[in-house]
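Read the structure below first, then the notes.
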Amino acid sequence: MDYECIGDDAGKDHLLLVHGLLSSRNHWMGNVERLGARYNLVLVDLPAHGSSAASLDPEAWHPDAMVADLDAIRAQLGIGRWFICGQSFGAGLTIRYALSHPARIIAQAFTNARTAFRNEADLSEHAARAERIAKLRESGIEGLRRERFHPRFARRFPDSVRETLSRDADRIDVAGYVKILEISLPSASLAGRVADCTVPSLLINGRHERIFQPVRQSLEADWPGLEIVDIDGGHSVNIENPEGFDAELLAFFGRYGKARSQERPPA
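If you count by UniProt numbering, then the sequence shown holds residues 1 to 267, one letter each, in order.
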C-alpha cells in the first residue's frame, strides 16, 4: 500500500488512518489539520485506490494480507506502537489489525462499518455481491460510477471534498476493485470475534446512517469494553461532521500514549 506521512515529531505518537472503498487517503483531508496537531499521521491508500497498485497475487487481496501490509508500514517507519483509525472497509482492516497484533496498537477508533460485521451466511449478500461484480466486469468505469457509495452521490460532503474524492474514485483500478469484492469482502467479516479484543476501542457512530444502527446495537452488546459515541453524521461521519469526529477521537486517544504523559497534573 502506498502511504503518506504528515509530521515527524519525536514528541508525538503516530496515528494510522485507513479509508474505505471508493475513496483515497484524501478521505481525511478535513481532519488532517486538527489530528496532525496532536499526532504524526500516516495515511494509506487501499490496494487499487489512490496511488496504490492492484496486485496480481490473489493472496494479496485477503484481509489478513492487507493487515500484514499495514504492519509492514509500521515496521518500515520504525514505530513500536501506534494509534489506528479506520472507516468502513478500512475499519474492518484496523479492527482485524488490533485483534491480530494488540501489542502494537495503543488504542483504536473506527466509524460505521457494516461490511466488517455482516453475516456471510446470508445468501442474499452473496447474490448482491455477484450481481455487482458482473455489472462491473461488463461496464468498467461506468459501472464503478454507479456504485452506491461513489462520492459523487454524497450529498452531505462539502463540495471540495466531493469533487476531490470523485476524481480519485474515477481513477480506481476497476479490476482491482472487483478483486476486493470477489476475494476481500467474503473474508472481511469479524462477527463473533470482537469480544476477544483487548485494545482500548472507540466507535464514533454516524447516527444518521440508519442501516448501521442495528450493527451499533449488536456491538454494544457483544463487545465488552467498547466505547461508543453517537454524533451527527452518516456513513462518512469524519467528512460530514469533521469537528465532532475529531473532538471525540482526540478526547479518547488523549487518555493514552504520549499525549497523556504530557498533560499537566491537576492543580
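For glycine and all other residues, C-beta sits at the position ideal for the given N, C-alpha and C.
Checking 8 angstroms against the spacing of the C-beta atoms, do residue i and residue j come in under that value?
i, j, result
"Pro-63", "Ser-184", "yes"
"Ile-105", "Ala-116", "no"
"Asn-119", "Glu-209", "no"
"Ala-176", "Ala-48", "In the sequence on display, residue 176 carries Gly and not Ala. Going by C-beta atoms, Gly-176 is nearer than 8 angstroms to Ala-48."
"Leu-17", "Leu-46", "no"
"Leu-41", "Ile-84", "no"
"Arg-155", "Ser-166", "no"
"Asn-241", "Ile-228", "no"
"His-101", "Asp-57", "no"
"Ile-133", "Val-174", "no"
"Phe-245", "Asn-26", "no"
"Leu-219", "Gly-92", "no"
"Pro-200", "Ala-107", "yes"
"Arg-145", "Asp-170", "yes"
"Gly-50", "Asp-159", "no"
"Asp-233", "Gly-257", "The question names Asp, but residue 233 is Gly in the sequence shown. No, the Cβ-Cβ distance between Gly-233 and Gly-257 is not below 8 angstroms."
"Ala-251", "Asp-222", "no"
"Trp-82", "Leu-15", "yes"
Where do the N-terminal and C-terminal ends of the alpha helix (DSSP H) with residue i fall, by residue?
i, result
"Gly-244", "242-253"
"Tyr-256", "That residue, Tyr-256, is in no alpha helix (DSSP H); it is neither H nor E in DSSP."
"Val-229", "First-last for Val-229: 227-231, but that is the beta strand (DSSP E), not the alpha helix (DSSP H)."
"Gly-206", "Note, Gly-206: premise wrong, no alpha helix (DSSP H); beta strand (DSSP E) at 201-206."
"Ala-175", "174-179"
"Asp-159", "159-170"
"Gly-143", "141-145"
Provide the residue(s) that pair with residue i in DSSP beta bridges, ordered along the chain.
i, result
"His-14", "Asn-40"
"Gln-217", "Answer is none; Gln-217 lacks a bridge partner."
"Ala-191", "Answer is none; Ala-191 lacks a bridge partner."
"Cys-85", "Leu-17 and Ala-109"
Go to residue i, then tell me how far its beta strand (DSSP E) extends in each direction, as first and last residue.
i, result
"Glu-4", "3-6"
"Leu-99", "Per DSSP, Leu-99 belongs to no beta strand (DSSP E); it is in the alpha helix (DSSP H), 89-100."
"Gly-78", "No beta strand (DSSP E) holds Gly-78; DSSP gives it neither H nor E."
"Ala-48", "Careful: Ala-48 lies outside any beta strand (DSSP E) and carries neither H nor E."
"Ile-211", "Counting along the chain, Ile-211 falls outside any beta strand (DSSP E), and DSSP gives it neither H nor E."
"Ala-107", "105-110"
How close, in whole Å, do the beta carbons of residue i and residue j come, if the pair is a contact with beta carbons under 8 angstroms?
i, j, result
"Ile-95", "Gly-86", "7 angstroms"
"Thr-198", "Met-29", "About 32 angstroms; that fails the 8 angstroms criterion."
"Leu-21", "Ile-204", "With a Cβ gap of about 19 angstroms, Leu-21 and Ile-204 do not count as contacting."
"Ala-68", "Glu-59", "10 angstroms between Cβ atoms; not a contact."
"Leu-249", "Ala-109", "5 angstroms"
"Ile-239", "Phe-157", "6 angstroms"
Taking all protein chains shown into account, do 16 or more other C-beta atoms lie within 10 angstroms of the C-beta of residue i, making it buried, or fewer, making it exposed?
i, result
"His-126", "exposed"
"Glu-147", "buried"
"Ala-128", "exposed"
"Pro-266", "Any reading at Pro-266 is ruled out, since the residue's pLDDT is 37, under 50, leaving its predicted position unreliable."
"Gly-140", "exposed"
"Arg-38", "buried"
"Ala-188", "buried"
"Arg-74", "buried"
"Ser-23", "buried"
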